[in-house]
Amino acid sequence: MQTIKSIKLTRACAAALVAACASLSGPLFAADAGSAPLLLSGRWVQNSDHWQATWPGVAMAARFQGSAVGVVLNDARSHYAVEIDGQPVAQISPASGKRTVWIRDLAAGEHRIELIRRNETPDYAGSVYGFTLDGGQWLAAPTPQRKIEFIGDSFTAALANLSNQRDCSDAEISSSTDISQGFAIQLSRQLGAQWQTNAMSGMGLIRNWNGNLPDRDFRTFYTRQLQTDANSKPDSHWQPQLVVIGLGVNDFSTPVNPGEQRNTEQRAKDFQAAYRELIKTLNARYKTPHIIVTAMKLWPDDQQRPNVRAVVDAEQAAGNQRIHYLQLDAMQLSACQWHPNRADHRQVTQQLLDKIATIKMQW
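Residue numbers -30 to -1, 1 to 333, in mature numbering (1 follows the signal peptide of the UniProt record, and there is no 0), belong to the letters of the sequence shown in order.
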């Protein structure tokens, strides 16, 4: 695992950021860690003095007045992005042990800090203790009114989106994954919305990639606040006005293998039934959300598009006018393991923006 390093801010970040740098503190931890008024995005679990998460893209934001702010965490598996006033200022690599990463020498005045978990670790929950100040004071937390939930797989999780090669080691995949530059968070930011990204690489709605792990699928974990804890339940206060679903890549991107529990025809039938059940669940849990369902042309036999389209057609025929189909354009898929690169994510972001513009959203 990489250890944390001092990271210099780019001087061009913003006029408000002057000669700042991120550094690792000594063994002392400020008493106000975790006391800041926070905006928590994504599925966090709060403990007595820290928060834990396994899903990608969880974020923690706070507003403060001062020239130095620290991030207090203990996470041996996750990469984090730190932003000040919407500009990236530091990248935190995985490392064991509780530590504070400081952002110092900020211009005097009000600032917003945001910590974003870049990658996914469905079998590991890292710990974040919050933010701490070296002087200054906390301000009221941001309160966005718009909320979007994203449901998907590795495409939604932005797996290896910073990579420029298809053959990668596990370490390269982890370090080149940054969901803050993926379409989910980029779309949310352009719309000024809070986000929740519930995405799992390799998992399908009813069938995982190449038929792997047939005893579990995305549905097994979607109902969990922490993927590692079957008893943890999602926060009932989360009420998005928009849900974007991108499922089916893993269900249909590999042919059915001999010995699998479903043949090709049964796979399609069960997929459509499970998708409609998911939509039913979302409509029951949330207050009449709009749902955008995405699909694309997939190798080897283009089965995702017709099956997803059939789900939308059936829903609309049954009177559901808040569900919308979006066919994604062809992508370069030049990142690790044939995943979308940064240009692909920008393309999907724009397609979603264009689609949302046609919907009468009640934000």
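For glycine and all other residues, C-beta sits at the position ideal for the given N, C-alpha and C.
Separation of L175 from A1, as counted between CA atoms: With a pLDDT of only 36 at A1, under 50, the local geometry of the prediction cannot be trusted, and no value is derived from it.
List in chain order: all unbroken beta strand (DSSP E) runs of 3+ residues lying wholly within the region 85 to 139. 96 to 103, 107 to 109, 116 to 122
Identify the continuous beta strand (DSSP E) that holds D45 and give its terminal residues. 39 to 45
In whole angstroms, what separates the C-alpha of Y295 from that of G106? 48 Å
Cβ neighbour criterion (16 or more within 10 Å) applied to I329: exposed
Taking only the alpha-carbon atoms, compute the straight-line gap between S139 and Q35 and give it to the nearest angstrom. 42 Å
Residues in the same chain with beta-carbon distance under 8 Å from T198, minus the five sequence neighbours each way, listed in chain order, please. T24, P92, D93, Y94, A95
Identify, in the order they occur along the chain, each residue of the same chain with its Cβ nearer than 8 Å to the Cβ of I110, setting aside the five sequence neighbours on each side. For the sequence presented, residue 110 should be read as Ala rather than Ile. Within the same chain, A110 has close Cβ partners P7, R33.
For the region 111 to 125 and the region 152 to 164, state whether three or more C-beta atom pairs, one from each stretch, are separated by less than 8 Å. yes
Kindly indicate which three-state DSSP category E230 falls into: helix, strand or coil? coil
With distances taken between CB atoms, is the gap from F153 to V15 smaller than 8 Å? no
Does the region 95 to 104 come close enough to the region 35 to 53 that 3 or more CB-CB pairs lie under 8 Å? yes
May I ask you to report which of helix, strand or coil DSSP gives S202? coil
Does the separation of the CB atoms of L209 and K203 fall below 8 Å? For the sequence presented, residue 209 should be read as Gln rather than Leu. Not closer than 8 Å, so no.
Who are the near neighbours of R9 in its chain, counting only those whose CB is closer than 6 Å to its CB and skipping five residues on each side? The question names Arg, but residue 9 in the sequence shown is Leu. Hits under 6 Å: A31, A111, P112.
What does a CB cutoff of less than 7 Å around K325 pick up in its chain, not counting 5 residues either side in sequence? I262, H294, L296
Using 8 Å as the threshold, is the C-beta distance between P26 and A127 below it? yes
Just to confirm before moving on: does the CB-CB distance between D123 and N220 stay below 8 Å? yes
How should L322 be labelled, buried or exposed, when 16 other C-beta atoms within 10 angstroms of its C-beta is the threshold for buried? buried
What do you reckon, are the CB atoms on V71 and G100 nearer than 8 Å? no
Please name the residue or residues paired with R33 in a DSSP beta bridge. R82, L109
A149 and I155 look like a contact to me (Cβ under 8 Å); what is the Cβ gap, rounded to whole Å? Per the sequence shown, residue 149 should be read as Ile rather than Ala. Their Cβ separation, rounded to whole angstroms, is 6 Å, which keeps I149 and I155 in contact under 8 Å.
When the Cα atoms are used, what is the spatial distance from A132 to Q22? Note that residue 132 is Leu in the sequence shown here, rather than Ala. Whole-angstrom Cα-Cα distance: 25 Å.
Judging by CA-CA distance, which residue of L43, E53, R275, A288 is the nearest neighbour of R159? E53
Beta-carbon separation (whole angstroms), V213 vs R246, contact threshold 8 Å: Rounded, the Cβ-Cβ distance is 14 Å, inconsistent with contact.
Would you tell me roughly how many angstroms separate the C-alpha atoms of S5 and S18, rounded to the nearest one? 12 Å
Under three-state DSSP, which class holds residue 342? As displayed, the chain neither begins before -30 nor continues past 333, which places residue 342 out of reach and without an answer.
Between the CA atoms of R88 and D271 - distance to the nearest angstrom: 32 Å
Where does V213 fall in DSSP's three states? strand
Close beta carbons around L129, own chain, < 6 Å, minus the five adjacent residues each side: T147, S171, H309
Quick check on G181: does DSSP put it in helix, strand or coil? helix
Sequence-distant residues of its chain with Cβ nearer than 6 Å to G181 (five each side left out): N227, E230
Whole-angstrom distance between P259 and Q332, CA atom to CA atom: 9 Å
Are there 16 or more other CB atoms within 10 angstroms of the CB of L218, so buried, or fewer, so exposed? The sequence shown places Gly at residue 218, not Leu. Buried is the call here.
Return the first residue and the last residue of the alpha helix (DSSP H) that H315 is part of. 312 to 327
Look at the alpha carbon of V42 and the alpha carbon of A327, and state the distance between them as a whole number of angstroms. 39 Å
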